[in-house]
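Below is one structure, written out as structure tokens, with a few remarks after it.
Residue numbers (my numbering), protein chains in the order written: chain A, 50 to 162; chain B, 9 to 119.
The following block contains the structure:
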């Protein structure tokens, strides 16, 4: 039973560039959430996708956008990258029936230079 | 907005000593979740408490949810080097089901 998988694991981008991160949820899960975790901080909620729609959004600018596909996988896109976007980006999945329990992937480490 | 605070931020202990981390929310929580993140790793779900005053145990770990459902604690008895990591509490407030995470408590165990 595969857990939550994310790609790429590490990447380096330049200020102003755009990045796309990918996530496949745990088998049987249909809800995907994205979190940003800066060094020394707890995960901060970006947004959640269910049934291919954004259901809730945290306090992040419009530069952060996402998508969910019919197979429940998801993408996180960040435009016009800033140095402050450097962080670990975590994807988490949950089954709607037990939506309060979430399972994290190993994350994508993004460095913006 | 909702704030979740954890203390202490760091805790150094000798192997075999006990450890406790405390979590306080500015608003009433519908539940509280605890996660452990090893250095360089990702958060791993440990447990969820739902009822006021609930206490749950996992081997050497004891989790408590406060009567007012605004605070929680995690106690580890006789720490081991495998307990090293950052422990996060997280809980959704109000009508939301999205958990807000605290900043975590980093546990360092000296052999």
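Here a beta-carbon is modelled for each residue, glycine too, at the ideal position from N, C-alpha and C.
- Scanning its chain for C-beta atoms nearer than 8 Å, with the 5 sequence neighbours on each side dropped, one finds around residue 122 of chain A the residues 71, 72, 73, 74, 81, in chain order.
- Per DSSP, the continuous beta strand (DSSP E) segment holding residue 99 of chain B begins and ends at 93-99.
- For residue 150 of chain A, the C-beta contacts it makes with chain B under 9 Å involve 41, 53, 56, in order along the chain.
- Collapsing the DSSP output to three states places residue 131 of chain A in coil.
- Between residue 129 of chain A and residue 65 of chain A the beta-carbon gap is near 6 Å, inside 8 Å, which marks them as a contact.
- Annotation for residue 18 of chain B: the continuous beta strand (DSSP E) segment containing it runs 18-22.
- Note that the C-beta distance between residue 75 of chain B and residue 61 of chain B is below 8 Å.
- Remark: fewer than three beta-carbon pairs, one from each stretch, lie closer than 8 Å, so the segment 100-110 of chain B and the segment 63-74 of chain B are not flagged as touching.
- Leaving aside the five residues that flank residue 94 of chain A on each side, the residues in its chain whose CB is nearer than 7 Å to its CB run, in chain order, 82, 84, 107.
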